[in-house]
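Note sheet for the following structure.
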Ligand code: SF4
Ligand SMILES: [Zn+2]
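Numbering (the working numbering), first residue to last: 338 to 617.
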């Protein structure tokens, strides 16, 4: 069987066996311009799903321009409705500016930690406004292996319990579930598929990714053999049976912005407050 067919079959199987979504669902794909999200976009459309997409333009200089162009190109070519969330228009500042402001008050917090919290906050809010049933993200087996190892090194393996092809243990009318059709795909196969299909991917790394702990783990895992990566995943599946499962906990709503969160105030409001972000 050809590589592309095998790859597509693995994604189809992941969607079906984990009941990620059906053709009746309103499927929102979060796209960054990188290979994972563009492969999701291209492939789900090819498999006959009626998808729509959202891209957050972070305004990180030329890098963001390239990412935005890539998203616009793939959506135009495949007739996919695309919403661009322009962070400067919506919040009045670029991600770099917001991040610097946060870091000046919170010493030691990494670039991606700040950016990740804000992106998740935007994504949940926007997808709810767009009445999406699920948000499709580009996480793959390499990402999951990184998270697993990171949590082990932090001494909190139980944090990995919530990983999986679909977000678990959270059910709330204001929380839109995240689903990962590429969950069992290797990063190198996703890259190969994107090259074969000539997708307009931005392959360069984000200039703000820096040298976070996750990046160090990522580099370590990248150097491992394919079998070792799969073993990491299998080990997690084996030991996860012994990790005490968290109850399907009820979420609170942030006292400042109203978004679902575990504490009284959500992570985004804790970091940046409400002044920068509109409350629509
Ligand atoms: S690499 Fe880090 S800083 Fe760059 S877009 Fe991703 S989360 Fe944000
Ligand atoms: Zn909040």
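Glycine included, every Cβ here is placed at the ideal spot set by N, Cα and C.
The structure presented is a predicted model; accordingly, all values stated were derived computationally and were not measured.
With respect to the C-alpha of residue 464, the residue from 352, 363, 373 and 523 having the closest C-alpha is 363. For residue 596, the shortest C-beta to heavy atom distance toward ligand 2 is below 7 Å. In the displayed model, residue 589 falls within a strand according to three-state DSSP. With respect to the C-alpha of residue 447, the residue from 456, 436 and 606 having the closest C-alpha is 436.
Listed in chain order, the beta strand (DSSP E) runs fully inside the segment 347-418 are 364-367 and 388-394, counting runs of at least 3 residues. Here residue 471 is bridged, per DSSP, to 364. Contact annotation: the segment 566-574 touches the segment 472-492, with at least three C-beta pairs closer than 8 Å. Counted as a single uninterrupted DSSP element, the alpha helix (DSSP H) harbouring residue 442 occupies residues 432-442. In the three-state reduction of the DSSP assignment, residue 598 falls in the strand class, which pools E and B. Distances between the C-beta of residue 448 and the heavy atoms of ligand 1 include at least one below 7 Å. Classified as exposed, residue 418 has fewer than 16 neighbouring CB atoms from the shown chains inside 10 Å of its CB.
Inter-residue distance for residue 341 and residue 411 is about 19 Å (C-alpha atoms, whole angstroms).
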